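Working notes, structure below.
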Amino acid sequence: PLDENPVLGFLLDFVRGGAVSYTHCQASVENLNVFKSAKLKKLIVHLRDPRQCLVSNYLRMHAENDWAYYRTYYNDIPLEYDHLNMSEQIDWHIDNVYQNYWINWILDWLKAAEDTLNNLDVKFVTYESFMKDPIVFYREIGQFFNCDWSDFSKNDLLVKEPEPKTEVLGQIDFWRQKLSKSQIKRVQDLTPENLLVKFKWQR
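See the structure below:
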């Protein structure tokens with residue numbers, strides 16, 4: 007039964023309504039079948055420039071400066087990882103995380119949204135559009151769910167400080183400052199042009 011599986015139980019609660027998943031839920035066959043079984047019709051997928059995700063996630067991991075904490079993110083981190091300098095550690099993330107965890111995650115959701123067999127109306131929203139105009143961002147979400155949020159204002163927004171804090175502080179292209187020239191070239195090469203165009207992420 008779904009309720010006896012912690013992961014599927016969470017997904018079941020999610021599709022019952024009134025819930026938001028803040029994890030990187032995969033567009034897997036298993037998850038999509040749960041959505042289908044629950045007759046979920048509409049879904050919002052929130053995205054961020056994967057190049058910035060790479061850097062933000064790296065800094066978030068290391069904010070705790072704890073060996074075990076690192077491995078709550080990726081359990082295949084090699085033992086020698088802790089002895090690498092920051093640039094070498096980021097190299098490891100580019101080689102082992104970027105494509106599979108950030109790029110493919112987006113591509114899988116795009117594919118799931120286009121597959122009519124899933125019977126899902128998916129709206130993709132981006133962190134960058136939120137930063138540009140949060141009021142428009144939320145009003146468009148309301149419109150997607152047939153809610154009239156035309157009177158939504160900045161007074162309705164709740165601002166929560168990240169914990170632990172990192173040096174990114176909400177910047178949308180901090181990766182350009184943090185990565186070396188060679189690292190920038192590698193992530194650029196790994197980032198499909200169609201994603202950049204579709205979500206208006208600058209090359």
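Take the sequence shown: its position 80, counted from the start at 1, is 86 in my numbering, and no numbers get skipped. Ideal Cβ positions, reconstructed from N, Cα and C, are used throughout, including at glycine. What you are looking at is a predicted structure, and each value in this text was computed from that prediction instead of being measured.
| query | result |
| --- | --- |
| Residues near Tyr3 by beta carbon distance below 8 Å, same chain, minus five either side | Since the first residue of the chain shown is 7 and the last is 209, residue 3 is not available in this structure. |
| Boundaries of the beta strand (DSSP E) in which Phe150 is found, first to last residue | Per DSSP, Phe150 belongs to no beta strand (DSSP E); it is in the alpha helix (DSSP H), 140 to 150. |
| Where Trp5 falls, given that 16 or more other Cβ within 10 Å makes a residue buried | Nothing can be reported for residue 5: it is not among the residues displayed for the chain, which extend from 7 to 209. |
| DSSP-derived helix/strand/coil call for Thr78 | coil |
| Contact set for Leu113: own chain, Cβ-Cβ below 6 Å, skip 5 residues either direction | none |
| Between the CA atoms of Arg77 and Ser62 - distance to the nearest angstrom | 16 Å |
| 7 Å CB neighbourhood of Asn124 in its chain, flanking five on each side removed | Leu38, Lys42, Ala118 |
| Integer Cβ distance of Val193 from Leu60, believed to fall under 8 Å | 7 Å |
| Three-state secondary structure assigned by DSSP to Val128 | strand |
| Sub-8 Å separation of Ile147 and Val128 beta-carbons | no |
| Pro198 classed as buried or exposed, judged by whether at least 16 other C-beta atoms fall within 10 angstroms | exposed |
| Separation of Asp195 from Asp286, as counted between CA atoms | No answer is possible for residue 286: it lies beyond the span of the chain, which begins at 7 and ends at 209. |
| Environment of Pro84 [buried if 16+ CB atoms lie within 10 Å] | exposed |
| Separation of Asp82 from Ile109, as counted between CA atoms | 19 Å |
| CB of Gln58 within 8 Å of CB of Ile190, strictly | no |
| Helix, strand or coil at His99 according to DSSP, with G and I counted as helix | helix |
| Span separating the alpha-carbon of Leu46 from that of Trp155 | 22 Å |
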